[in-house]
Amino acid sequence: MLAKNLGLRALERGHTVVFANLSSALADLLRQESLPAVERRLRRYTAANLVILDELGYQPVDARAVDLLFQIVSRRHEHASTILTTNLPFKDWANVFPGAACLVPLVDRFTENMIAFDIRGPSYRQRTRPTPKPPPPRPPKKRA
Numbered sequence: 014m015l016a017k018n019l020g021l022r023a024l025e026r027g028h029t030v031v032f033a034n035l036s037s038a039l040a041d042l043l044r045q046e047s048l049p050a051v052e053r054r055l056r057r058y059t060a061a062n063l064v065i066l067d068e069l070g071y072q073p074v075d076a077r078a079v080d081l082l083f084q085i086v087s088r089r090h091e092h093a094s095t096i097l098t099t100n101l102p103f104k105d106w107a108n109v110f111p112g113a114a115c116l117v118p119l120v121d122r123f124t125e126n127m128i129a130f131d132i133r134g135p136s137y138r139q140r141t142r143p144t145p146k147p148p149p150p151r152p153p154k155k156r157a
């Protein structure tokens with residue numbers, strides 16, 4: 014919710030913003046059938062003033078997808094803002110990106126000028142979800 018609101022604020026101020034679920038964005042890039050097509054699609058994620066990649070860590074990512082994420086982060090590094098949401102500490106990223114050779118440089122580039130928000134407490138979605146109403150009382154059974 015915080016990342017989405019930051020994106021909306023950036024849009025209000027005239028910036029270009031791309032918001033995508035990380036798994037969907039990487040799947041989209043992996044579907045491209047040629048290197049020029051991948052490059053064109055990568056520009057979508059590298060040209061925007063702000064890119065928000067949501068939900069890192071919900072699905073494991075193969076080496077080719079990690080390389081694409083590395084391309085996005087590297088091309089944006091020190092040029093544009095990137096928000097990455099996750100519930101995982103950096104030490105657990107190796108479980109999401111098993112065997113990825115670029116994991117250390119990826120984390121290094123991403124964290125160099127990073128501002129981290131470590132939010133603890135109950136889920137915002139759970140807090141704002143309406144409380145279910147109790148079922149209506151059952152009528153008493155009639156005695157014969």
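If you're matching positions, the sequence shown starts at 14 in our numbering and goes up one per residue. We put the beta carbon where it would ideally sit given N, CA and C, even for glycine. Predicted, not measured: the structure shown is a model, and the values here were computed from it.
Query raised in the report: Identify the residues that DSSP records as bridge partners of Leu-69: which are they?
Result: Walking along the sequence shown from the start, residue 69 turns up at place 56. For Leu-69, the beta-bridge partners assigned by DSSP are Thr-99.
Report task. Answer with buried or exposed for Thr-95, where buried requires no fewer than 16 other C-beta atoms within 10 angstroms of its C-beta. Result -> Locating residue 95 in the sequence shown gives position 82, where the first residue counts as 1. By the neighbour-count definition (other C-beta atoms within 10 Å, threshold 16), Thr-95 is a buried residue.
Query - Run of the beta strand (DSSP E) containing Asn-34, from where it starts to where it stops - result: As a first step, residue 34 is located in the sequence shown; it is residue number 21 there, counting from the start. Here the beta strand (DSSP E) through Asn-34 covers 30-34.
Query - Outcome for Leu-119 when other beta-carbon atoms lying within 10 angstroms are tallied against a minimum of 16 - result: In the sequence shown, the residue the question calls residue 119 occupies position 106. Around the Cβ of Leu-119, a 10 Å sphere holds 16 or more other Cβ atoms; the residue is buried.
Query raised in the report: When the distance is taken between beta carbons, is Leu-19 closer than 9 Å to Ile-65?
Result: Along the sequence shown, one-based indexing puts residue 65 at 52. Along the sequence shown, one-based indexing puts residue 19 at 6. Yes; because the gap between Cβ atoms is below 9 Å, this pair is in contact.
Query raised in the report: From Thr-59 to Arg-88, what distance separates their C-alpha atoms?
Result: In the sequence shown, counting from the first residue as 1, residue 59 sits at position 46. In the sequence shown, counting from the first residue as 1, residue 88 sits at position 75. Each residue's Cα considered, the two are about 6 Å apart.
Query raised in the report: Of the choices Ala-50, Glu-25, His-90, Leu-24, whose alpha-carbon is the least far from that of Asp-121?
Result: For this step, residue 121 is matched to residue 108 along the sequence shown. Distances from the alpha-carbon of Asp-121 to those of Ala-50, Glu-25, His-90, Leu-24 put His-90 closest.
Requested in this report: Provide the residue span of the alpha helix (DSSP H) that contains Lys-17, from first to last.
Outcome: Reading the sequence shown from its first residue, position 4 is the one you call residue 17. According to the DSSP assignment, Lys-17 belongs to the alpha helix (DSSP H) that extends over 15-25.
Query - As assigned by DSSP and simplified to three states, the class of Ser-37 - result: Here the question's residue 37 lines up with position 24 in the sequence shown. In this structure, Ser-37 counts as helix in the three-state DSSP scheme.
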